[in-house]
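The structure appears below as structure tokens.
Residue numbers (my numbering), protein chains in the order written: chain A, 18 to 338; chain B, 7 to 280.
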């Protein structure tokens with residue numbers, strides 16, 4: 018994760034250390050620095066990247082305007098796929114679901130992550146152990162986490178959430194967590210938050226550790242209470258960590274597939290259908306490859322738009338210690 | 007005791023309680039894996055007393071975890087090797103030539119972090135199929151290398167930018183060519199970020215479910231998540247067996263994480279300070 022924050026959040030992408038200093042940059046006499054690595058260094062990476070990501074994505078954009086079914090030829094159909102999308106109830110609902118799910122995950126995961134980070138950043142004895150415990154679910158396969166939670170959510174098993182609620186005397190709160198259309202999406206969100214709150218925590222923790230202790234001390238001497246010290250010292254300095262966290266959880270939320278697929282497969286009905294599950298089904302269940310890539314293109318545009326807006330706003334409020 | 011000390015104890019108590027609640031799913035997972043069906047039916051929430059290990063043996067063979075572990079290990083290791091080599095050399099160029107072509111290429115790589123892989127999913131499937139690489143290790147390795155390169159290049163580029171160029175320059179003056187300067191001087195300096203690259207990519211490749219399902223389905227080379235997925239589908243109501251399978255499948259990646267967790271957290275911290 019090392020330079021991710023730095024690279025996403027700082028404006029100074031241009032001058033590399035090699036060129037920034039006062040050391041002699043030219044030895045060839047024509048403004049070329051012979052100490053720079055030759056371009057052949059980047060060729061293998063570029064080649065693989067082009068074959069696996071760039072070419073297929075471009076081809077995908079092309080297919081989005083056709084009626085290709087996966088076999089045989091295809092003909093150009095212009096904006097037909099996008100018009101269909103506008104009138105396709107399942108696809109339309111999936112757009113709303115995707116945005117709601119992303120919003121819920123982003124807000125709750127980062128809120129919980131921040132609280133956890135503040136807790137394990139304090140001088141408590143169990144903090145090293147707690148950090149490991151909270152982060153551990155993030156390294157387990159999302160599909161396996163989804164299976165575990167499917168069991169916990171299942172109302173017919175004696176254990177799980179309903180069992181706990183019963184044991185706590187809160188039997189009135191028992192629900193059919195994944196089977197109730199009005200709850201399924203939120204149940205998936207809770208599962209994702211459980212898995213990745215520790216991920217947000219670690220990034221916030223890294224930010225907290227970069228807050229100089231002297232600043233806190235100075236604020237304390239000036240009479241600031243603990244809330245004021247958080248609000249006016251810690252919070253502004255957490256901005257880079259917040260930027261990274263919001264970007265990662267938003268992109269992750271919009272693209273979420275494994276968890277939904279394994280836990281609900283978009284159901285019940287279309288209650289937890291997301292753009293990712295819809296485009297998967299359109300392609301591999303209904304064989305509408307052209308339409309599926311049109312849905313993928315819409316997803317790509319969402320991700321790009323949201324990341325750009327976030328980057329602009331969040332960067333603007335970053336300060337340095 | 008001072009009020010500050012009381013407050014620390016209070017916080018410790020609260021955080022411990024949060025951790026206990028947080029760990030409940032893990033408790034359920036392990037407890038059920040250690041029970042036989044009768045114990046599960048009688049008292050699913052109770053501690054597994056006496057515990058039985060039968061589920062683990064049965065799950066191991068029913069999910070054919072042995073072959074799945076081999077596949078996952080081969081694919082993850084080969085993918086990591088390529089990502090380290092291609093990512094570090096590519097980033098070396100992009101970090102040192104931060105204007106013009108270098109900057110353009112860097113932005114092009116960043117685009118790969120934002121693009122959802124689903125956009126290219128079908129054309130890529132066609133391509134891999136056309137090469138005859140469906141159901142092969144090299145098809146998977148090519149996929150993971152390409153898909154994770156943007157993130158890897160990103161990590162390496164930021165790190166290299168913060169390194170002084172002097173070391174490589176000195177090596178060049180002493181008569182190394184660029185390749186030697188990189189392999190002997192620059193690459194060893196990248197060790198901390200290489201550690202982060204290894205951990206994050208290993209977790210991603212090991213845990214990925216969708217691609218191996220698509221590319222390896224029915225080939226006998228299925229990875230651990232795919233093996234567990236079909237295993238769970240088959241034994242869906244035998245929770246003890248299913249959960250033992252989940253525990254066994256998650257164990258390798260959890261063990262690696264526990265061994266390397268210091269570096270994970272350090273890697274994150276170093277990044278934000280950089």
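Here a beta-carbon is modelled for each residue, glycine too, at the ideal position from N, C-alpha and C.
Just so we're clear, the structure is a prediction, and the values are computed from it rather than from any experiment.
Going by C-alpha to C-alpha distance, which of the options sits closest to residue i?
i, options, result
"residue 194(A)", "183(A), 207(A) and 187(A)", "207(A)"
"residue 140(A)", "236(B), 14(B), 164(B) and 200(B)", "14(B)"
"residue 108(B)", "53(A), 143(A) and 126(A)", "53(A)"
"residue 230(A)", "214(A), 250(A) and 278(A)", "250(A)"
"residue 152(B)", "67(A), 55(A) and 310(A)", "67(A)"
"residue 108(A)", "321(A), 232(A), 311(A) and 323(A)", "311(A)"
"residue 212(A)", "301(A), 201(A), 159(A) and 146(A)", "159(A)"
"residue 265(A)", "237(A), 220(A) and 226(A)", "220(A)"
"residue 152(A)", "18(B), 260(B), 10(B) and 9(B)", "260(B)"
"residue 146(A)", "64(A), 258(A), 215(A) and 279(A)", "215(A)"
"residue 56(B)", "40(B), 49(B) and 144(B)", "40(B)"
"residue 221(B)", "193(B), 235(B) and 135(B)", "135(B)"
"residue 143(A)", "19(B), 262(B) and 88(B)", "19(B)"
"residue 271(A)", "313(A), 238(A), 234(A) and 104(A)", "313(A)"
"residue 374(A)", "308(A), 320(A) and 321(A)", "Lying before the first or after the last residue shown, residue 374(A) is absent from chain A, which here runs from 18 to 338."
"residue 204(B)", "66(B), 68(B), 90(B) and 36(B)", "90(B)"
"residue 178(A)", "23(B), 112(B), 139(B) and 31(B)", "31(B)"
"residue 121(A)", "87(A), 299(A), 204(A) and 149(A)", "204(A)"
"residue 116(A)", "191(A), 332(A) and 322(A)", "322(A)"
"residue 99(A)", "89(A), 88(A), 87(A) and 112(A)", "112(A)"
"residue 328(A)", "293(A), 295(A) and 262(A)", "262(A)"
"residue 274(A)", "316(A), 243(A), 237(A) and 248(A)", "316(A)"
"residue 100(B)", "60(A), 165(A) and 189(A)", "60(A)"
"residue 166(A)", "35(B), 17(B), 27(B) and 262(B)", "35(B)"
How would you call residue i, buried or exposed, if buried means at least 16 neighbouring beta carbons within 10 angstroms?
i, result
"residue 184(B)", "buried"
"residue 102(B)", "buried"
"residue 297(A)", "buried"
"residue 318(A)", "exposed"
"residue 180(A)", "buried"
"residue 40(A)", "Low confidence applies to residue 40(A): its pLDDT is 45, below 50, so where it sits in the model is not reliable, and the reading given next is rough at best. Residue 40(A) should be labelled exposed."
"residue 246(A)", "buried"
"residue 214(B)", "buried"
"residue 168(A)", "buried"
"residue 173(A)", "exposed"
"residue 11(B)", "exposed"
"residue 278(A)", "buried"
"residue 265(B)", "exposed"
"residue 57(A)", "exposed"
For chain A, find out if any of its Cβ atoms is closer than 8 Å to the Cβ of residue i; answer yes or no.
i, result
"residue 124(B)", "yes"
"residue 62(B)", "no"
"residue 279(B)", "Because residue 279(B) sits at a pLDDT of 44, beneath the cut-off of 50, its placement in the model cannot be relied upon, and the following sentence gives the value as read from the coordinates. Yes, its Cβ sits closer than 8 Å to a Cβ of chain A."
"residue 98(B)", "yes"
"residue 156(B)", "yes"
"residue 263(B)", "yes"
"residue 93(B)", "yes"
"residue 197(B)", "no"
"residue 22(B)", "yes"
"residue 190(B)", "no"
"residue 235(B)", "yes"
"residue 44(B)", "no"
Say whether chain B places a C-beta atom closer than 8 Å to the C-beta of residue i.
i, result
"residue 68(A)", "yes"
"residue 193(A)", "no"
"residue 236(A)", "no"
"residue 93(A)", "no"
"residue 310(A)", "yes"
"residue 97(A)", "no"
"residue 159(A)", "yes"
"residue 88(A)", "no"
Report yes if the C-beta of residue i is less than 7 Å from at least one heavy atom of the ligand GTP; otherwise report no.
i, result
"residue 153(A)", "Only the bare structure without any ligand can be found here, which leaves the ligand GTP out of the picture."
Contact between the stretch 59 to 77 of chain B and the stretch 248 to 256 of chain B (3+ Cβ pairs under 8 Å)
yes
Within 8 Å, do at least three Cβ pairs link the stretch 110 to 122 of chain B to the stretch 166 to 177 of chain B?
no
If the cut-off is 8 Å on Cβ atoms, which residues from the stretch 165 to 187 of chain A count as contacting chain B, listed in chain order?
165, 166, 168, 169, 174, 175, 176, 177, 180, 181 and 184
What residues in the stretch 240 to 255 of chain B bring their beta carbon closer than 8 Å to a beta carbon of chain A?
245, 248, 249, 252 and 255
Using a beta-carbon distance cut-off of less than 7 Å, what residues from the stretch 132 to 151 of chain B approach chain A?
133, 148, 149 and 151
Using a Cβ cut-off of 7 Å, which residues of the stretch 206 to 229 of chain B contact any Cβ in chain A, in chain order?
206, 209, 213, 215 and 216
When the Cβ atoms of the stretch 253 to 262 of chain A are set against those of the stretch 282 to 298 of chain A, are three or more pairs found closer than 8 Å?
no
Are the stretch 179 to 199 of chain B and the stretch 114 to 128 of chain A touching, with three or more C-beta to C-beta distances below 8 Å?
no
Please confirm if the stretch 262 to 280 of chain A is in contact with the stretch 87 to 98 of chain B, defined as three or more CB-CB distances below 8 Å between the two stretches.
no
Validate contact between the stretch 126 to 133 of chain B and the stretch 178 to 193 of chain B using beta carbons, cut 8 Å, 3 pairs
no
Chain B contacts made by the stretch 198 to 224 of chain A, where a contact means CB separation under 8 Å:
211, 219, 220, 222, 223 and 224
Assess contact between the stretch 71 to 87 of chain B and the stretch 227 to 246 of chain B, defined as three or more Cβ pairs (one per stretch) separated by less than 8 Å. Is contact present?
yes
Note down, in chain order, all residues in the stretch 241 to 271 of chain A with a beta-carbon under 8 Å from any beta-carbon belonging to chain B.
257, 258, 261, 268 and 271
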